[in-house]
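Chemist:
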Amino acid sequence: MNTKKNIIIGLLVLSFQGALAQFKTTIPLDKNVTTGKLKNGLTYYILHNEEPKDRASFYFVQNVGAILEEDNQNGLAHFLEHMAFNGTEHFKGKGIIKMLEKDGVSFGKDINAYTAQDETVYNISGVPVNNETLIDSTLWVLHDWSGSLSLTNEEIDAERGVIREEWRTRRTSDFRLKGQMDQFLYKGSKYAQRDVIGDLNIINNFKYEELRNYYKKWYRPDLQAVIIVGDIDVKAIEQKVKTIFSTIPLAKKVAERKYFDIPKHNELYFGIATDKEASSTSITLQYVLDEPLVKDVSVTRKNVMNSLYTSILNNRLKELLLKNQNSSLSLKTYFEPISRLNTSFNISALAKKGKVLASFEEVYTETERMKRYGAIQSELERTKKNFISSYDDFIKNKDKVNSDDWADKLTNYFLKAKPFLSPEDDYDLIVGILKNISLEELNAYAKTIQQPTNQVVLISGSDKDQNEFPKKEAVVEVMKKVESMTLEPYSKKENKEPLIASDLKPVAVKSTFEIAGIDKAKGYTLENGAKVIILPTTYSQDQIVFSAFGKGGKSLVKTEDLASAEIATTLARSSGLGNFDITALKEKLTGKVAQASPFITDNTEGFQGSSNQADLETMLQLLYLSFEAPRFDPTIFEILKSQYQNRLENLKKDNDNAFNDTVALANSNHNPRTFLFNEEFLKNIDLKKAEQIYKQRINNAADFTFVFVGNIPDSALGLIQKYIGNIKSNPAATETFKDHNIEPAKGKTKVVFKRPMEVAKTTAYLSITGKMEYSEENALGMYVIGELLSKRFLQTIREEEGGSYGVNVSGSLLTTPKQAFDLSLSFDCNPDKQEKLMQIVWQEINDLKSKPVNANDLEDIKKALLKNREESMKTNSFWSDKIYNITMNQVRFLQDADYKNLISKINQKTIQQLSKQILDSSNSVEVIMNPER
1327 MNTKKNIIIG LLVLSFQGAL AQFKTTIPLD KNVTTGKLKN GLTYYILHNE
1377 EPKDRASFYF VQNVGAILEE DNQNGLAHFL EHMAFNGTEH FKGKGIIKML
1427 EKDGVSFGKD INAYTAQDET VYNISGVPVN NETLIDSTLW VLHDWSGSLS
1477 LTNEEIDAER GVIREEWRTR RTSDFRLKGQ MDQFLYKGSK YAQRDVIGDL
1527 NIINNFKYEE LRNYYKKWYR PDLQAVIIVG DIDVKAIEQK VKTIFSTIPL
1577 AKKVAERKYF DIPKHNELYF GIATDKEASS TSITLQYVLD EPLVKDVSVT
1627 RKNVMNSLYT SILNNRLKEL LLKNQNSSLS LKTYFEPISR LNTSFNISAL
1677 AKKGKVLASF EEVYTETERM KRYGAIQSEL ERTKKNFISS YDDFIKNKDK
1727 VNSDDWADKL TNYFLKAKPF LSPEDDYDLI VGILKNISLE ELNAYAKTIQ
1777 QPTNQVVLIS GSDKDQNEFP KKEAVVEVMK KVESMTLEPY SKKENKEPLI
1827 ASDLKPVAVK STFEIAGIDK AKGYTLENGA KVIILPTTYS QDQIVFSAFG
1877 KGGKSLVKTE DLASAEIATT LARSSGLGNF DITALKEKLT GKVAQASPFI
1927 TDNTEGFQGS SNQADLETML QLLYLSFEAP RFDPTIFEIL KSQYQNRLEN
1977 LKKDNDNAFN DTVALANSNH NPRTFLFNEE FLKNIDLKKA EQIYKQRINN
2027 AADFTFVFVG NIPDSALGLI QKYIGNIKSN PAATETFKDH NIEPAKGKTK
2077 VVFKRPMEVA KTTAYLSITG KMEYSEENAL GMYVIGELLS KRFLQTIREE
2127 EGGSYGVNVS GSLLTTPKQA FDLSLSFDCN PDKQEKLMQI VWQEINDLKS
2177 KPVNANDLED IKKALLKNRE ESMKTNSFWS DKIYNITMNQ VRFLQDADYK
2227 NLISKINQKT IQQLSKQILD SSNSVEVIMN PER
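Taking this note's numbering, I'd label the letters of the sequence shown as residues 1327 to 2259.
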């Protein structure tokens, strides 16, 4: 389950502590939503949606979370969420998961839940709708969640261990810092006492009846909603909902669902949070605000102005950072919900070492400038244009909005009265507001956001730096200083040049070629040798997915230059293109839906991008400039160096970094080409070398394949001939990657080391690798082995042992730089259980070759594979990936019949044979990080 430590984002409601709030909106619910309230108080929402086709998502929303726990129940709301998957009236034990996985609906991917302070939400997504028995069974799962959990003593005790390990895994530095800061932000409020996952002493020792009593008190139909969105017969589903859920009783006397606010205060609250493992220093000024009880058009208008205000201000802050004459690594302003009844406006700075107060002054000064003088007309127009362009893109692709997205919005409608409109009405409302907001209205509103009351200043960072943190008086003095200083209004010069000044002419198509197995895809070789593949689709109404790739990557870079290679594309992406620095480029692209980002990996280089039909030419212009006129701004380079330097300051106490570096070195047998983020890396990065490497790798169009998938306009090929056809090339100078034999030592490698930790935790990693010839059977078999082990570890390590919150397992077959298999896993656990758990890991792995795997598990995985492929085939990214594999890795595309035949051939015997091949010819790397005692 996915416990959310932050309140879920959405519009909030105004009430007062202890009252049963009446959240509502005056904006009518989308007429396409069928809704009702049963006599027992349960609310339902049903919406037909065909993305994905032949699938439906089922949500069970509980308007109760951790905030309603008594002190002796701290953690029980989240514990109860876990128990919903451990036995109900109609599904004993793990019956829910077993039933759903038989039809390819997978735990974790499709079946999940989260608990927050104010709600608990369960979802079963991607359910095939052509199986009426499955639909009925899924509805009965939601029915049982409402009031029919088994909550047996045995299952409760078994889950205590799982919760303990989730508590251990989630106790990161950021989590601990947030817990400290919440004591100041939520001072005097119950929110300061509820972090959702709870008190470990209570988790370990609560009596069974305490959990059952909490369940009976709060899990009841008048606080619940059933939400069903998908490719369904709405009227038939509504009748099923009425039949199944009307039988749930509601007690005559029920506890009042109270809402808890944050006490108002005139004094500025000030808090410092420190942690030994903190990797950065930040200072944030928060203004705690109330939200209106009724969500009407005026509230929507206010929210639109909030978005305009922060977008404009954040663009100014980015410009300030790019001057690299300041004390900050990052500056931003934003609104965020902090309870059901409150939101906050935040002014935040990530400071360079020893520069906290100066960093705060920078962000507060720009906020004051905005408050005092407001935005300028060109800023407002650009921001409006971007917002409207985003909504234009949304409305064109409204039929491709995923059912889970609609279900999430209906969840917010039920819990928070956030308006839920049809796409067309939503577009008309928001775009109408945007067009109607004047500069005078926005600037007048900007003066009202910051108020002198309900202010909280929070500083967080490493405990070793806390003596450098400013006192409350110093922060207040800076605020007074800025408010009284003379400031100049913001001004801005615009670059009105065209993106490309030269007059490019389309080049000829030299030849055409076919893409094996994908008949609708067409290949073109241009006069300059560039290879182009175009696949028209109708999976989205207005989307073009773009990729480009060539062989070589960092494998062709000298070892001593690898540090500069690591930053080459980051530097280029951050510097702008042609005659436009990064700020001017973003302004030039206002309202455009187009991007093309370069990358350099270990063995390849290329681009990832996307656009709509109207902006395909813009995307191609960006691509052309990325080859012909990239920029490498020295100021941007210095900013990157400064960010890296500040990151390194606290890196020595970062346990995750220490663990990842140890794994990387073990997997490469300490090869000198192993990337490590350390002082040596910082010393070796060089602006000129980074530029040189970029121009060597992102060079020669004849050595790239350019792929376009989606709603390709008729003009596409001509535009491609114009822009890609004019990229410089040398058809004779093709390259390939170089194999540096970066692999672990032969046999078994085991590294055990200790680190100081705030919360004792062992992190374990195991990788089994070796040579294996690529075949479709082997590639699929490796994936299946990973999934089988995931299921086994869920049963043995998580459920039976309570030893870990979860074991991440993956099995794969690589094609570059050589054909090889990789079976890897990792998990966190109690240090006292580490040895026993690793014994279980090895036992389960060795059992793969000595015993037949569980036949039911295998069938569930095969069904999930077929289901996932059926869903994925209706996306542009699926086809883009397949074309990549065909052209880059020479992996053939399997038609449906071939794929199903391949799946059918996987059985207990083939898995056992493949497992034997893996384990009898492999090297292994085991890394264990333990806490210092």
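Glycine is no exception: its CB is placed at the ideal position from the N, C-alpha and C atoms. Note that the structure is a prediction, hence the values are computed from the model and not measured.
1. To which residues of the same chain is S1748 closer than 8 Å at the C-beta, ignoring the five residues directly before and after it?
2. Let me know the alpha helix (DSSP H) ranges lying completely inside the stretch 1748-1825, each 4 residues or longer, listed in chain order.
3. Three or more beta-carbon pairs under 8 Å between the stretch 1530-1537 and the stretch 2123-2139, yes or no?
4. Can you tell me whether DSSP reads K2200 as helix, strand or coil?
5. For K2242, collect the residues of the same chain with a Cβ closer than 6 Å to its Cβ; drop the 5 residues on either side in sequence, then sort them by chain order.
6. Check whether the stretch 1594-1603 touches the stretch 1781-1793, taking contact to mean three or more Cβ pairs, one atom from each stretch, closer than 8 Å.
7. Report the CB separation of S1670 from V1727 in whole angstroms; it is logged as a contact under 8 Å.
8. On the criterion of 16 or more Cβ atoms from any shown chain inside 10 Å, does K2117 qualify as buried, or is it exposed?
9. Any idea what DSSP makes of A1345, helix, strand or coil?
10. Within 10 angstroms of its Cβ, does P1745 collect 16 or more other Cβ (buried), or is it exposed?
11. Look up K1363 in the DSSP assignment and give the residues it is bridged to.
12. Going by other Cβ atoms of all chains shown within 10 Å of its Cβ, with 16 needed for buried, is K2054 buried or exposed?
13. Pick helix, strand or coil for G2112, following the three-state DSSP scheme.
14. Report the residue from L1511, E1564, T1573 whose alpha carbon sits nearest the alpha carbon of P1589.
15. Kindly indicate which three-state DSSP category N1438 falls into: helix, strand or coil?
16. In the DSSP assignment, what residue or residues form a beta bridge with F1713?
17. Would you mind working out which of E1427, T2236, I2171, S2250 sits nearest V2077, comparing C-alpha positions?
18. Taking just the CA atoms, how far does S1432 sit from K2261?
19. When we look at the beta-carbon of A2223 and count the other beta-carbons within 10 Å, is it buried (16 or more) or exposed?
20. Could you give the DSSP three-state label for T2142: helix, strand or coil?
21. Assign K2177 to one of two classes, buried (16 or more other C-beta atoms within 10 Å of its C-beta) or exposed (fewer than that).
22. Please go through the stretch 1563-1651 and give each complete beta strand (DSSP E) segment of 3 or more residues, from N-terminal end onward.
23. Tell me whether the beta-carbon of L1643 lies closer than 8 Å to the beta-carbon of K1658.
24. Under the three-state reduction of DSSP, which class applies to T1329: helix, strand or coil?
25. Determine, using beta carbons only, whether F1417 and M1409 come nearer to each other than 8 Å.
26. Anyone know if the C-beta pair for I1908 and S1901 falls short of 8 Å?
27. Name the residue from T1927, E1913, S1873 whose alpha carbon lies nearest to the alpha carbon of T1895.
28. Is it buried or exposed for T2260, if we count other Cβ within 10 angstroms and need 16 for buried?
29. In three-state DSSP terms, what is A1696?
30. Can you have a look at S2130 and say buried or exposed, based on whether 16 or more other CB atoms are within 10 angstroms of its CB?
31. Buried or exposed: H1996, going by 16 or more other Cβ atoms within 10 Å of its Cβ?
32. Pull up the CB-CB distance for A1403 and V1387, whole angstroms please, since I reckon it's below 8 Å.
33. In chain order, what are the residue ranges of uninterrupted alpha helix (DSSP H) at least 4 long that sit wholly in the stretch 1949-1993?
34. Relative to the C-alpha of E1794, which candidate in M1507, Q1867, S1608 has its C-alpha closest?
35. Tell me, to the nearest whole angstrom, how far the beta carbon of I2260 is from that of S1952; I am working on the premise that it is less than 8 Å.
36. By how many angstroms is the C-alpha of R1583 removed from the C-alpha of Q1343?
Modeler: Short version:
1. Locating residue 1748 in the sequence shown gives position 422, where the first residue counts as 1. Closer than 8 Å at the Cβ level, and outside the excluded window around S1748, lie D1356, K1357, N1358.
2. 1749-1762, 1765-1772, 1798-1810
3. no
4. Here the question's residue 2200 lines up with position 874 in the sequence shown. In this structure, K2200 counts as coil in the three-state DSSP scheme.
5. Here the question's residue 2242 lines up with position 916 in the sequence shown. Closer than 6 Å at the Cβ level, and outside the excluded window around K2242, lie K2175.
6. yes
7. Taking the sequence shown and counting its residues from 1, the one referred to as residue 1670 is at position 344. Taking the sequence shown and counting its residues from 1, the one referred to as residue 1727 is at position 401. Contact doesn't hold; Cβ gap of about 29 Å is too wide.
8. Here the question's residue 2117 lines up with position 791 in the sequence shown. Burial call: buried.
9. In the sequence shown, counting from the first residue as 1, residue 1345 sits at position 19. For A1345, the pLDDT reaches just 39, beneath the cut-off of 50, and the residue's location in the model is therefore unreliable, leaving the point undetermined.
10. Counted from its first residue, the sequence shown places residue 1745 at position 419. So P1745 counts as buried.
11. Here residue 1363 corresponds to residue number 37 of the sequence shown, with the count starting at 1. T1369.
12. The count along the sequence shown starts at 1 and reaches residue 2054 at position 728. Under this definition K2054 is an exposed residue.
13. The residue you call residue 2112 lines up with position 786 of the sequence shown. G2112: helix per DSSP, three-state reduction.
14. Here the question's residue 1589 lines up with position 263 in the sequence shown. It is L1511 whose Cα lies nearest to the Cα of P1589.
15. Along the sequence shown, read from residue 1 onward, the residue named residue 1438 stands at position 112. Correct three-state label for N1438: strand.
16. If you number the sequence shown from 1, residue 1713 lands on position 387. DSSP output for F1713 lists no bridge partner at all.
17. Taking the sequence shown and counting its residues from 1, the one referred to as residue 2077 is at position 751. Out of E1427, T2236, I2171, S2250, S2250 has the C-alpha closest to the C-alpha of V2077.
18. In the structure displayed, the chain extends from 1327 to 2259; residue 2261 sits before or after that span and is not available.
19. Start at 1 with the first residue of the sequence shown, and residue 2223 comes out as number 897. Exposed is the call here.
20. Within the sequence shown, residue 2142 is the residue found at index 816, counting from 1. It is coil, neither helix nor strand.
21. Walking along the sequence shown from the start, residue 2177 turns up at place 851. It counts as exposed.
22. 1595-1601, 1607-1616
23. Here the question's residue 1643 lines up with position 317 in the sequence shown. Here the question's residue 1658 lines up with position 332 in the sequence shown. Yes, these two residues count as a Cβ contact at 8 Å.
24. In the sequence shown, counting from the first residue as 1, residue 1329 sits at position 3. Confidence is the limiting factor: at T1329 the pLDDT is only 37, short of 50, which leaves the residue's position unreliable and the question unanswerable from this model.
25. Here residue 1417 is taken as the residue at index 91 of the sequence shown, counted from 1. Here residue 1409 is taken as the residue at index 83 of the sequence shown, counted from 1. Against a cut-off of 8 Å, the Cβ pair of M1409 and F1417 comes out as no contact.
26. Start at 1 with the first residue of the sequence shown, and residue 1908 comes out as number 582. Start at 1 with the first residue of the sequence shown, and residue 1901 comes out as number 575. It is a contact, given that the beta carbons lie within the stated cut-off.
27. Position 569 of the sequence shown holds residue 1895. When each option's Cα is compared against that of T1895, the closest is T1927.
28. The question about residue 2260 has no answer here: the residues shown for the chain are numbered 1327 through 2259.
29. Your numbering for residue 1696 matches position 370 in the sequence shown. The sequence shown places Met at residue 1696, rather than the Ala named in the question. Here M1696 sits in helix by DSSP.
30. Taking the sequence shown and counting its residues from 1, the one referred to as residue 2130 is at position 804. Buried.
31. Looking up residue 1996 in the sequence shown gives position 670. Label assigned to H1996: exposed.
32. Locating residue 1403 in the sequence shown gives position 77, where the first residue counts as 1. Locating residue 1387 in the sequence shown gives position 61, where the first residue counts as 1. Contact flag wrong, Cβ pair sits at about 14 Å.
33. 1960-1975, 1981-1993
34. Translated into the one-based positions of the sequence shown, residue 1794 becomes position 468. Nearest option by C-alpha distance: S1608.
35. Since the first residue shown for the chain is 1327 and the last is 2259, residue 2260 is missing from the structure and cannot be characterised.
36. Sequence index remark: in the sequence shown, residue 1343 carries index 17 (1-based). Sequence index remark: in the sequence shown, residue 1583 carries index 257 (1-based). With a pLDDT of 37 at Q1343, under the threshold of 50, the predicted position of this residue should be treated as unreliable, and no value is reported.
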